[in-house]
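All remarks here apply to the structure that follows.
Residue numbers (the UniProt record's numbering): 1 to 191.
Rendered as C-alpha cells:
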C-alpha cells in the first residue's frame, strides 16, 4: 500500500506518487489513488478561491442569490419573490409585482375590474373577485425591446441518379421555405 500526501495521486503504471494534474485536487492524505475534479462555480455564484492541487474551488453566491445546497455555494438561485433584471442581478420584486418560480423575472400583478379578493404578494398574483368575468391578460414578464434581423438564404442540392436501366432520376433537396423565428432573429430561407 502507498501513503499519499494531500495534492497527490498514485500513477498505476510507475507505482510512483505524483502531483494532481491541472483542474484536479486531493485534500485528504491516505491511500486515495485518484484526484478529484475541481468544481466550477455555476450561474448565480462566483469564484472566491481557485482550485489548487490540495483544495477544491470555493464559490460564493452573488448578492441577491441564495445557495441551493447549504453546505456549498456552487449552485445559487434567485428565489421566488425576487427576479432577475436585464443585467442578471437578482433583486426583490417591487410592490405590485411577483415571481412564483425560481430564477425568473418579476411579473406585474393582474388588474382586476371586479375588485380584488386576495391581495398579491411578492410570490403570488392578486386574485380577482370574479375571475370568470375578468378579461385582462395574465401578467407578463418585464422585457426589453430587441432588434429583429432578417437573413435570407438560398440553399439546395441537386443530385442525379442513374440506374442500371439507363433512366435518370433527379432528386432535389432544399431547406424549408418559411421563416425560422428565434428570439431577436428571423432567418428566412428562399428557394
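Every residue gets a Cβ at the ideal spot worked out from N, C-alpha and C, and that includes glycine.
Going straight from the alpha carbon of residue 93 to that of residue 87, what length do you get? Taking the chain shown and counting its residues from 1, one reaches residue 93 at position 93. Taking the chain shown and counting its residues from 1, one reaches residue 87 at position 87. Between residue 93 and residue 87, the C-alpha separation is close to 15 Å.
Alpha carbon to alpha carbon, what distance is there between residue 50 and residue 144? Taking the first residue of the chain shown as position 1, residue 144 is located at position 144. Taking the first residue of the chain shown as position 1, residue 50 is located at position 50. Only weak support exists for where residue 144 lies, its pLDDT of 39 falling under 50; the value from the coordinates is given anyway. Straight across, the Cα-Cα distance linking residue 144 with residue 50 is about 35 Å.
According to DSSP, residue 20 sits in a beta bridge with which residue or residues? Against the chain shown, residue 20 aligns to sequence position 20. Its beta-bridge partners do not exist; DSSP assigns none.
Looking at the secondary structure, which residues open and close the beta strand (DSSP E) in which residue 117 lies? Looking up residue 117 in the chain shown gives position 117. Taken as a continuous stretch (DSSP letters only), the beta strand (DSSP E) holding residue 117 covers 116 to 118.
Considering only DSSP beta bridges, list what residue 9 is partnered with. Looking up residue 9 in the chain shown gives position 9. Answer by DSSP bridge pairing, in chain order: 18.
Quick check on DSSP: helix, strand or coil for residue 94? Position 94 of the chain shown, counted from the start, is the residue given in the question as residue 94. Note: residue 94 maps to coil in three-state DSSP.
Residue interval of the beta strand (DSSP E) (run including residue 75): Taking the chain shown and counting its residues from 1, one reaches residue 75 at position 75. Its beta strand (DSSP E) spans residues 72 to 77.
Determine the direct distance from the alpha carbon of residue 43 to that of residue 80, and round the result to whole angstroms. For this step, residue 80 is matched to residue 80 along the chain shown. For this step, residue 43 is matched to residue 43 along the chain shown. Spanning the alpha carbons of residue 80 and residue 43 requires a straight line of approximately 16 Å.
Quick check: what's the CA-CA separation for residue 117 versus residue 96? Here residue 117 is taken as the residue at index 117 of the chain shown, counted from 1. Here residue 96 is taken as the residue at index 96 of the chain shown, counted from 1. Using only the alpha carbons, I get a separation of about 15 Å.
Counting Cβ pairs closer than 8 Å, one from the segment 33 to 41 and one from the segment 57 to 66, do we hit at least three? The segment 33 to 41 makes contact with the segment 57 to 66: 3 or more CB pairs, one atom from each, lie closer than 8 Å.
Grab the span of the beta strand (DSSP E) containing residue 44 for me, first residue to last. The sequence position of residue 44 within the chain shown is 44, counting from 1. Counting along the chain, residue 44 falls outside any beta strand (DSSP E), and DSSP gives it neither H nor E.
So what's residue 62 in DSSP terms, helix, strand or just coil? Within the chain shown, the letter at position 62 stands for residue 62. Secondary structure at residue 62: coil, using DSSP grouped into helix, strand and coil.
Kindly indicate which three-state DSSP category residue 83 falls into: helix, strand or coil? For this step, residue 83 is matched to residue 83 along the chain shown. Three-state result, residue 83: strand.
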